[in-house]
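Student: Same order as they appear, the protein sequences are chains G, R and Z. Residue numbers for the first sequence follow the numbering used here, beginning at 1 and rising by one. Residue numbers for the second sequence follow the numbering used here, beginning at 168 and rising by one. Residue numbers for the third sequence follow the numbering used here, beginning at 268 and rising by one.
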Amino acid sequence: MGPITFAVLATALVVSALTVVVHPSPVKSAMALVATLFLLAVVFVFLGAHMIAALQVIVYAGAIMVLFLFVIMLLNLSDDGAEARHRGRVVFRLGAWIGGGVLAVELSAFFLRVPFPEPATPPAGYGGAEAVATALFVDYLLPFELTSILLLVAVVGAVVLAQRRTA
Amino acid sequence: MVPTSWYLALSAVLFAIGAVGVLVRRNIIVVFMAIELMLNAVNLTFVAFARQLGSIDGQVIVFFVMTVAAAEAAVGLAIIIAAFRNRPTVNVDELAVLRW
Amino acid sequence: MWADAGIAAVKSLVMLLLALNLTVLLLWIERKGSALIQDRIGANRANIFGGILPFNLGIVNTLIADPIKMFTKEDVIPDGADKLLHFFGPFLAVFPVLVTFAAVPFGDVLVIGDRTINLQVADLNVGILYVLAMSGLSVYGVVLGGWATNSRWSLLGAIRGSAQMISYEIAMGLGLIGAILVFGTLDLQAIARAQGALIWGVIPAWGIIYQPLGFLIFLVAGIAETKRVPFDLPEGESELTSGYFTEYSGSKQATYMMSDFAEIVVVSALATTLFFGAWQVPYLARDGFHFPGGFALALPQLVVVVMQVASFVLKVLVLCCFQILVRWSLPRYRYDQLMDLGWKTLLPLALANVLLTATVIVLAG
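(1) Does residue 116(G) come out as helix, strand or coil in the three-state DSSP assignment?
(2) What three-state label does DSSP hand residue 565(Z) in the structure shown?
(3) Among 618(Z), 300(Z) and 549(Z), which residue has its Cα nearest to the Cα of residue 595(Z)?
(4) Which chain G residues sit within Cβ distance under 8 Å of residue 428(Z)?
(5) What are the boundary residues of the alpha helix (DSSP H) that includes residue 353(Z)?
(6) Please classify residue 59(G) as buried or exposed, where buried requires at least 16 other C-beta atoms within 10 Å of its C-beta.
(7) Is the beta carbon of residue 362(Z) sitting closer than 8 Å to the one on residue 285(Z)?
(8) Would you report the Cα separation of residue 217(R) and residue 200(R), rounded to the nearest angstrom?
(9) Take residue 498(Z) and list the residues in its own chain whose beta-carbon comes closer than 7 Å to its own, dropping the five residues that flank it on each side.
(10) Please classify residue 36(G): is it buried, with 16 or more other beta-carbons within 10 angstroms of its beta-carbon, or exposed?
(11) Short of 6 Å in beta carbon distance, which residues of its chain neighbour residue 194(R), apart from the five on each side in sequence? Order them along the chain.
(12) Whole angstroms is fine: what's the gap from residue 177(R)'s alpha carbon to residue 108(G)'s?
(13) Which first and last residues belong to the beta strand (DSSP E) in which residue 460(Z) is found?
(14) Give, in chain order, every residue of the stretch 201 to 232 of chain R whose Cβ lies closer than 8 Å to some Cβ of chain G.
(15) Please classify residue 120(G) as buried or exposed, where buried requires at least 16 neighbouring CB atoms within 10 angstroms.
(16) DSSP three-state call for residue 466(Z): helix, strand or coil?
(17) Locate the beta strand (DSSP E) running through residue 498(Z), then write down its first and last residues.
(18) How do the stretch 412 to 427 of chain Z and the stretch 347 to 358 of chain Z stand: do at least 3 beta-carbon pairs fall below 8 Å, yes or no?
(19) I need the boundaries of the alpha helix (DSSP H) containing residue 481(Z), first residue and last residue.
(20) According to a CB-to-CB cut-off of less than 8 Å, which residues of the stretch 13 to 37 of chain G neighbour chain R?
(21) Is there contact here, the stretch 351 to 358 of chain Z with the stretch 386 to 398 of chain Z, by at least three beta-carbon pairs under 8 Å?
(22) Residue 597(Z) by DSSP, collapsed to three states: which one?
(23) In chain Z, which residues lie with their C-beta within 8 Å of the C-beta of residue 1(G)?
(24) Buried or exposed: where does residue 56(G) fall if 16 or more other Cβ atoms within 10 Å of its Cβ makes it buried?
(25) Between which two residues does the alpha helix (DSSP H) harbouring residue 134(G) extend?
(26) Check whether the Cβ of residue 191(R) lies closer than 8 Å to any Cβ atom in chain G.
(27) Compare the C-beta of residue 388(Z) with all C-beta atoms of chain G and state if any pair is closer than 8 Å.
(28) Starting from residue 400(Z), find everything on chain G with Cβ-Cβ shorter than 7 Å and list it in chain order.
(29) Could you check whether the Cβ of residue 101(G) sits closer than 8 Å to any Cβ belonging to chain Z?
(30) Does the Cβ-Cβ distance between residue 293(Z) and residue 488(Z) come in under 8 Å?
(31) May I have the straight-line CA-CA distance separating residue 22(G) from residue 188(R), to the nearest angstrom?
(32) Using beta-carbon positions only, say whether residue 26(G) and residue 259(R) come within less than 8 Å of one another.
(33) Rounded C-beta distance between residue 43(G) and residue 190(R)? I'm assuming under 8 Å.
(34) On a CA-only basis, which of 486(Z), 369(Z), 522(Z) and 468(Z) is nearest residue 455(Z)? Give me that one, please.
(35) From the DSSP output, in three-state form, read off residue 307(Z) for me.
(36) Can you look up residue 92(G) in the DSSP assignment and give me helix, strand or coil?
Shown next as structure tokens:
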């Protein structure tokens, strides 16, 4: 993708990420995160990872964030002023922002200085479902099966934890 | 064609924003969302390197990261709901006290 | 490069017009069709061409008077409602639905000069995943619609609606896997082309012959996903007024209604593409008819393209009318019955279908 497209996408990503972190209302933070995840899926498409981009929207933006919104709605977090009232520790927050800025600048400077060679044109079918699935079922079969067990444990755990104690 | 280092720089910035979010915010659900942001920044790094090296392994790792993040979000939110029943607050400072 | 961009723009325009016109047509079919089914007259007050026809087709009413009324109504935002999210709710409801049409092929190829134009807006190699992704995004329209208005009934409808949608998304996705296994690809245009083959030289290899159970699962899950009767508890017209879009008026309500009808068209278009041969006319190849007896009929390329597009539109229309018929014939599911159907019936059936299909494919070679 060209530099202009990248600049636009990067700006949009940084703005929505900052909205997630800065906005006082949890619902708007959640929607900003949905926008961030969607924009990241667009970046993935530009990087040739079509299947991962589709999975990003299906799993992250379509399922995990819906779960977040459910919890926010169920807990009825409409009291947006609560966090403002509990504010304090100005020095800590300032230090956190400065530290974050330093981290970002340092890491970016380090990465931008590495002379990466031009990436070779990928093989046909790169990033498609077949390529990812073949790697998944041939090289990474054990992690795949373990992940399925992990998901089962997570589902059972979530249901048990969130259940109402009946008497 | 945008060089790979630009994607890595972008993911570094996103990761830093997520880290600041975890430290600064007091609402536990927003802290959670900032953690998800950090995980996504790492996903971007993996996909960028996968393209740089021409190997599909980076994308497979992203697949696993997504799955584990989904499981973690589910269990974490269930814990928040369970904790909310005892002490009806989502403020991290108030939840950080281990009493009774 | 400009020619490519221009062709892409024209294709997008054609698909958008197709989708929107079908949506508006469905609005009219729904009102007059439901009146026919229920043995009543339906909307017949705004009648310009009075006396020409012995009956009132209701076209002016439904297609002209109603939209004018909806778009000129005052936009009421309740007190305490979140203005930004109230504004974005209808947008998030309609955007994923319309964008899904980009992956649906509406014809084979159009050859102009030395340029072969693939009659599909976006030729994605992960077409079906893209469709599932967009249907996942449509949950946000419901969630935000109910939350942003700060009203109890809307919130109840929104919670029910989103729970229903995410439950049936799973059944819908699994119902599609059977078709993916049979055709071996996620690309919708490739699946459409593969259905031009002939089984035993006579029967066109449409998806429904390979996957009847998959089609049923997909159709039921699709109707549940679009929250149509018999699964319209989130809208609950007799209980929750309008459920999650109660507090919307004017053009926002019109947008929600449009997303409702556009979703019907999307489900029909996908079912057509995967199970009914998409734009395929039986025995029609790019250069004319090839009947099994050996008899061939050559046709100019433009006639073939028109026939294929017309066949696509016709099949989509038939499936839409079927969904409207279902709406006005069946009573509504109770919420627990609805959830049971999604998790305890459709999900195991879909998994059994996948298992069966995979076994048959491996055994048959």
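Beta carbons are placed, not taken as given, at the ideal position from N, Cα and C, and that holds for glycine.
Tutor: With the given structure in hand:
(1) coil
(2) strand
(3) 300(Z)
(4) Here the premise fails: no neighbours, minimum Cβ distance about 11 Å.
(5) 350 to 367
(6) buried
(7) no
(8) 26 Å
(9) 431, 490, 491, 600 and 605
(10) buried
(11) 257
(12) 8 Å
(13) Per DSSP, residue 460(Z) belongs to no beta strand (DSSP E); it is in the alpha helix (DSSP H), 455 to 461.
(14) 201, 203, 204, 207, 210, 211, 214, 215, 217, 218, 219, 220, 221, 223, 224, 226, 227, 229, 230 and 231
(15) exposed
(16) strand
(17) Here residue 498(Z) belongs to no beta strand (DSSP E), and DSSP marks it neither H nor E.
(18) yes
(19) 479 to 492
(20) 13, 14, 17, 18, 20, 21, 26, 29, 30, 33, 36 and 37
(21) no
(22) coil
(23) Chain Z residues near residue 1(G): none, gap ~15 Å exceeds 8 Å.
(24) buried
(25) 129 to 138
(26) yes
(27) no
(28) 54, 57, 58 and 62
(29) no
(30) no
(31) 8 Å
(32) no
(33) At roughly 26 Å, the Cβ-Cβ gap does not stay under 8 Å, so residue 43(G) and residue 190(R) are not in contact.
(34) 369(Z)
(35) coil
(36) helix
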